[in-house]
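Undergrad: Residue numbers (my numbering), protein chains in the order written: chain L, 1 to 294; chain Z, 1001 to 1445; chain G, 2001 to 2285.
Where is the CB? At the ideal position from N, CA and C, for every residue including glycine.
Keep in mind the model is a prediction, meaning the values are calculated, not measured.
Input: one structure, supplied below.
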Amino acid sequence: MSFFSNRSVQVAPYLFLAPFASVFLVFMVYPLFQSVILAMEQTFGPEHTQFVGFANLRYVFGDPFFYTALRNTFIFAAASVLLQMPLSLALAMLLNQPWLKGRWLLRLIFFSPALVGAVFVGVMFSIIFERRTGLLNVVLHRLFGFSLDFPWLQEYAMPAMIIASLWMWTGFNMLYFLAALQNVDKELMEAAHMDGAGPWDRFLNVTLPAIRPIGGFVVLLSLIGAFQVFELPFLLFDGPGVDNRGLTIVMYLYQSGFQLGDLGYASTIGWILAIILIALSWLQRRLSRNESYS
Amino acid sequence: MFERYPLGLLVILMVAVASAAFVALRPSADSDKLVFWTFTQDHQDIFREIYGPEGIVDVQLLDMQAFERRMLSGFFTGTPVADIIMVERSVASQAWRGPTEAIGFLDLTDRLEAEGLLDRINAPSQRPWTVDGRIYGLPFDVHPVMLAYRADIYDAAGIDIAQAETWDEFMEMSRPLIGDLTGNGSVDRFALEVSQMDGLSIVMLMQQAGADLFDEADQPTLNAELNVEVLTRTAQWFSGDEPVAADIPLFTGAGERLRGEGLVLAWMCPDWRARRNILYIEGLHGKLRLMPLPAWEKGGRRTSVWGGTMLGLPKNGERTEEAWEQILHLYTSPELGRTKWEKLYILSPFKDFWDDPVFDQPDPYYQNQPIGRLYLELADSVPERTPSVYFPFAAQQLADALHRTVRRMRQSGFTEYADIEPLARRELDRVQANVENLMSRNVFQ
Amino acid sequence: MIDRPSNLIQLLVYAVLAFFTVITLVPLVWLLVGAFKTNEDFFGYLFFPLKEGGLAIDWARLTLENFRGLFFSLNFGNYIANSFFLASVTSVLATLFAAMGGYALAKFQFAGRQLMLGVVLFAIIIPAPLLLAPVFQLIYQLNLLNTYTGLILPAMAPAFGIFLFRQAMLNSVPTELLEAARIDGCGEGRIFLTIVLPIVRPMVGAFLLITFLGTWNNFIMPQVLLQSEEMFPLSVAIAQLRGTYSTDYGMISAGTVISIAPVMCLFLLLQREFISGLTSGAVKG
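Right under this line is the structure:
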């Protein structure tokens, strides 16, 4: 440990961490304190503020739009993750077949929608989903005779959002599962095969346990992302949509803070979102810990 | 060193250097011009034409949502806003949500008085920009509403639809022309466009009936009896197997396409929309005509109001006097009053312009009707527009109320007025409660 | 070895994959074709405009008019430059600082190390939307609204990156090598740049691309912080275009194609690096 006497070695880590530490202090610690204060204020822009105490908190729990946003966000998060995970895993398993040709190309293709930002996906799908003229309705009509007038952007705003997010993220999550599948013990798999275990048994008893850690990580990541969804519905419906069917928590935060100028109420909503997300992370940790004990 | 670092780093470093050079070296925007914000492409085209590329004004086009956010952000924080702000009323009103001293627009009352303009302006045009007796914008318009209808189709069927005095008559007379014409199982022709996505349709119908959404003191009266009746009857248009009303997008390419293809026989058409028809539905040249709106009751009001724009100046603008001169010119010059009609189809709120022969010119798109005059004949009965900052919220809520009423009506299979009315009433009570709730929260007013 | 499945099953797998390929690509192809169509043909034909009566594509009806409009009357060249600038500068800085921080936490023993590690994990958990309003207020107080500095500074040292780099460096960077370099009299900065960074090369490439992509596609921060039109990145510009040219679908498609194409090209070029780095971070983490 002789080199520890070297001054530069002692100073170096602090210097290396300095950029992060200063950004953290200025743009995270200070705003976090500020957001607690803001949550107890009503503002009209950053200049005009009025202390209201817990009025924001009281209001938010009686605010029907907040509940709509909360419900929509929960449904979206649950549905998109529930649909995405099996689909991503299935695609990954298909791609993982040793005899498959063109795996490299297919992986790239499935992954490519994740490169398109949510803003652009929103714009694109807002035209695709249009009644009577949109690509989806026209194709479904010509192929299967479905109604041309199916209201994707109106009554079916939520399914439309979920479909768009499936298109975006399925391939992305597939990548993680593909990486996870490399952890599957090949010998164990062959042994199971020798023992006459069927494909389903092999999946349940060999594959699934091997990919579980990464699976939990991917689920958490997707849930956190889904709870913060904003750009997709914002562009898809050009706002909250008919009857607020596309209103999400972050969209409501944005509307309150930046369209109405009430940074205080926006902070209140932000804290509720933060609490939900932290609870989710905690829950996921608890679950994965319990599993490793069992 | 290159093999030590990823190719991506190299590429991105090159991009960083090149784009930084471009961003740093590009000439900054013309600073000697007055910046003029507007929110529709047509306005931008026309004002650019009026001012020319060398003119003193740089006309910029902003999307409504961006407009609202950037305008407020500029007012809040002192970041640059335009020198002249041409703004729709739903956006403008957001500026008076906070305390009075925080209103970002310049108070124009004294200037208007000094110029002797107040008496010349059509009174209803002034109300949306008046807060506590002070005026924050010059009204740009009157915006009477007429009904644009497919004269070619009605004529071919021998139906003189212009004789329809009430909405009931209009629907009755249109009935033979609508329904599933191609036999593909879905209705492909409707009588009237009524948006459930945009509150403007239902608000227009309510205002036509005479119901004000906010009273004189700007308190919401959204669940007034008259509103319940209008909502019920409007919802009824969507009932049954062959509804007479269709919900199509008002301002998108798909919407214009569907109107052009004849999905609807008629739509409510304020003066400015008469020009949009010409611009975006070329195929209907010579096929449309305009008539006063059918009234809700015989002898009732034959028009309504849709939209509203003001020209305002920012309170903290650096070039207020120059900008004031510009908007004054835009308003008081008879020549521009004429141009505004010829190019934008927007009636000037200055009553002394109304005698100008330009309004009597026949319009070939509308089968040579003198549509300027037709709109002017309705100008006196245009209902007032509220300046309430809660209007846009209420309008969106009303669209949702229509949507929900229609959905529940169809789920229950209702078609009768008496059955639908309770649904409509419940929705309007909810809307009223929501608006009251939101208003109760504002500690600044 | 597990046997190859029967031809029928293989065929089935290929069919399923082909189906997903089509679903994935159709919207993109449709968008690309739409960008070259007039507004009339946009509605007239789902994909390519066809010749009268036949099934042949009528190439002559495709047009560059949409792109011409975007570049000459709408300044899209400017927006592209802005996006490139923001994304590249942010990603280079963020990668550098994240690697530095990760290195410090992975390879040094110093007072406060555990605390800093805790701070990093804490910073990862805080959701970005919570900070939106207070950061806006702070940027306003710092007089940085409507500047690129106000956008880049808060994104400069992402905690997630520090965590990823720490995980990547813990085992892959041999401590003996660092000690040997120090004995040779190498400065700490040089050691970091010439020894440590090259070892975690895949991570550097991947993280650069992750932050580049994230910044390129970021909408809410520039939307909230920027005011002047000439400073807008593509994400904000496209939302604006959608609102103002709502009737012109050809133009909207072309604008979207322009916004997507550069990142697509970049990733085609660098996809191996990206994918391996992306997943390795997750697998180790």
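1. Is it buried or exposed for Tyr67 of chain L, if we count other Cβ within 10 angstroms and need 16 for buried?
2. Listed in chain order, which residues of the segment 34-59 of chain L have Cβ atoms closer than 7 Å to some Cβ of chain Z?
3. Helix, strand or coil for Gln1138 of chain Z? Go by DSSP, reduced to three states.
4. Roughly how many whole angstroms lie between the Cα atoms of Leu235 of chain L and His1143 of chain Z?
5. Counting only Cβ pairs nearer than 7 Å, list the residues of chain G close to Gln97 of chain L.
6. Mind checking whether Pro31 of chain L and Val2135 of chain G have CB atoms under 7 Å apart?
7. Examine chain G for any beta-carbon lying closer than 7 Å to the beta-carbon of Gln1041 of chain Z, and answer yes or no.
8. Is it the case that the Cβ atoms of Thr1234 of chain Z and Leu1192 of chain Z are separated by a distance below 7 Å?
9. When the distance is taken between beta carbons, is Thr1309 of chain Z closer than 7 Å to Phe1075 of chain Z?
10. Mind checking if Ser147 of chain L is an interface residue toward chain Z, Cβ cutoff 7 Å exclusive?
11. Taking the beta strand (DSSP E) that Ala1148 of chain Z belongs to, which residues open and close that run?
12. Have a look at G:Leu2209, G:Thr2175, G:Leu2226, G:Thr2211 and flag the residue whose alpha-carbon is nearest the alpha-carbon of Ile2195 of chain G.
13. Let me check one thing: in DSSP terms, what residues is Gln50 of chain L bridge-paired to?
14. Enumerate in chain order the residues of its own chain whose CB-to-CB distance from Leu2031 of chain G is below 7 Å, with the five nearest sequence positions on each side excluded.
15. Can you tell me whether Phe61 of chain L is buried or exposed, with buried defined as 16 or more other CB within 10 angstroms of its CB?
16. To the nearest angstrom, report how far apart Ala160 of chain L and Gln1396 of chain Z are at their CA atoms.
17. Among L:Tyr59, L:Leu38, L:Ala180, L:Val26, which has the Cα closest to the Cα of Thr49 of chain L?
18. In terms of alpha-carbon separation, which member of G:Phe2071, G:Gly2112, G:Leu2046 lies closest to Arg142 of chain L?
19. Which of helix, strand or coil does DSSP assign to Gly2285 of chain G?
20. How many angstroms separate the CA atom of Ala2106 of chain G from the CA atom of Leu82 of chain L?
21. Under a three-way DSSP split, which group does Gly1133 of chain Z fall into?
22. Helix, strand or coil for Ile1346 of chain Z, going by three-state DSSP, please let me know.
23. Go to Gly2150 of chain G, then tell me how far its alpha helix (DSSP H) extends in each direction, as first and last residue.
24. With which residues is Gly1179 of chain Z paired in a DSSP beta bridge?
25. In three-state DSSP terms, what is Phe1238 of chain Z?
26. Three-state secondary structure (DSSP) at Gln2114 of chain G?
27. Expressed to the nearest angstrom, what Euclidean distance is found between the alpha-carbon atoms of Val1431 of chain Z and Asn1223 of chain Z?
28. Can you tell me whether DSSP reads Ser5 of chain L as helix, strand or coil?
29. Cutting at 8 Å between CB atoms, please list the residues of its own chain near Phe2084 of chain G, excluding the five before and the five after it.
30. Residues of chain G with a CB under 7 Å from the CB of Ser1019 of chain Z: which are they?
31. Terminal residues of the continuous beta strand (DSSP E) containing Asp1058 of chain Z?
32. If we cut at 7 Å on Cβ distances, does Leu94 of chain L have a partner in chain G?
33. As a quick exercise: from G:Ile2275, G:Leu2268, G:Ala2155, G:Leu2177, pick the residue whose alpha carbon is nearest that of Gly2214 of chain G.
34. Does Arg1069 of chain Z get closer than 7 Å to chain L when you measure Cβ to Cβ?
35. Relative to chain G, which residues along the segment 1132-1154 of chain Z have a C-beta separation below 8 Å, given in chain order?
36. Around the C-beta of Met2100 of chain G, are 16 or more other C-beta atoms found within 10 angstroms, so that it is buried, or is it exposed?
TA: So, from the listed chains and residues:
1. Flag for Tyr67 of chain L reads exposed.
2. Against chain Z - using a Cβ distance shorter than 7 Å - the residues of the segment 34-59 of chain L are Gln42, Phe44, Gly45, Pro46, Glu47, His48, Gln50, Val52, Tyr59.
3. As written in the sequence, residue 1138 of chain Z is Leu, which differs from the Gln given in the question. Strand, per DSSP.
4. Put simply, the backbone Cα of Leu235 of chain L is about 29 Å away from that of His1143 of chain Z.
5. The answer, in chain order, is Val2013.
6. Yes. Within cutoff.
7. Yes - at least one Cβ of chain G is within 7 Å of the one on Gln1041 of chain Z.
8. Not in contact: Thr1234 of chain Z and Leu1192 of chain Z (Cβ atoms no closer than 7 Å).
9. No, these two residues do not count as a Cβ contact at 7 Å.
10. Closer than 7 Å to the CB of Ser147 of chain L there is at least one CB belonging to chain Z.
11. DSSP places Ala1148 of chain Z inside the beta strand (DSSP E), whose first and last residues are 1145-1150.
12. Closest option to Ile2195 of chain G, Cα to Cα, is G:Thr2175.
13. According to DSSP, Gln50 of chain L bridges with L:Gln42.
14. Excluding sequence neighbours, Leu2031 of chain G sits near Ser2253, Thr2256, Val2257.
15. When all chains shown are included, Phe61 of chain L counts as exposed.
16. Cα to Cα, Ala160 of chain L sits roughly 21 Å from Gln1396 of chain Z.
17. Closest option to Thr49 of chain L, Cα to Cα, is L:Leu38.
18. Across the set G:Phe2071, G:Gly2112, G:Leu2046, the C-alpha of G:Leu2046 shows the shortest separation from the C-alpha of Arg142 of chain L.
19. The predicted model places Gly2285 of chain G with a pLDDT of 38, which falls under 50 and marks its position as unreliable; any figure quoted below should be read in that light. The three-state secondary structure of Gly2285 of chain G, taken from DSSP, is coil.
20. Going from the Cα of Ala2106 of chain G to the Cα of Leu82 of chain L covers about 36 Å.
21. In the structure shown, Gly1133 of chain Z sits in coil (DSSP, three-state: anything other than H, G, I, E or B).
22. Reduced to three states, the DSSP call for Ile1346 of chain Z is coil.
23. Note, Gly2150 of chain G: alpha helix (DSSP H), 2148-2152.
24. Gly1179 of chain Z is bridged to Z:Arg1189.
25. DSSP, reduced to helix, strand and coil, places Phe1238 of chain Z outside both helices and strands of the structure shown, so it counts as coil.
26. Helix at Gln2114 of chain G.
27. Answer to the nearest angstrom: the Cα atoms are 8 Å apart.
28. Reliability fails at Ser5 of chain L, whose pLDDT of 45 lies under 50, so the model's placement of it is uncertain and the value that follows must be treated cautiously. Ser5 of chain L: helix per DSSP, three-state reduction.
29. Excluding sequence neighbours, Phe2084 of chain G sits near Pro2262.
30. Here the neighbours are Ala2081, Phe2084, Phe2085, Ser2088.
31. Counting along the chain, the beta strand (DSSP E) containing Asp1058 of chain Z begins and ends at 1057-1061.
32. Taking Cβ atoms only, chain G reaches closer than 7 Å to Leu94 of chain L, which makes this a yes.
33. Among G:Ile2275, G:Leu2268, G:Ala2155, G:Leu2177, the Cα nearest to that of Gly2214 of chain G belongs to G:Ala2155.
34. Interface with chain L (7 Å Cβ-Cβ cutoff): Arg1069 of chain Z is included.
35. For the segment 1132-1154 of chain Z, the set of residues with a beta-carbon nearer than 8 Å to any beta-carbon of chain G is empty.
36. Buried.
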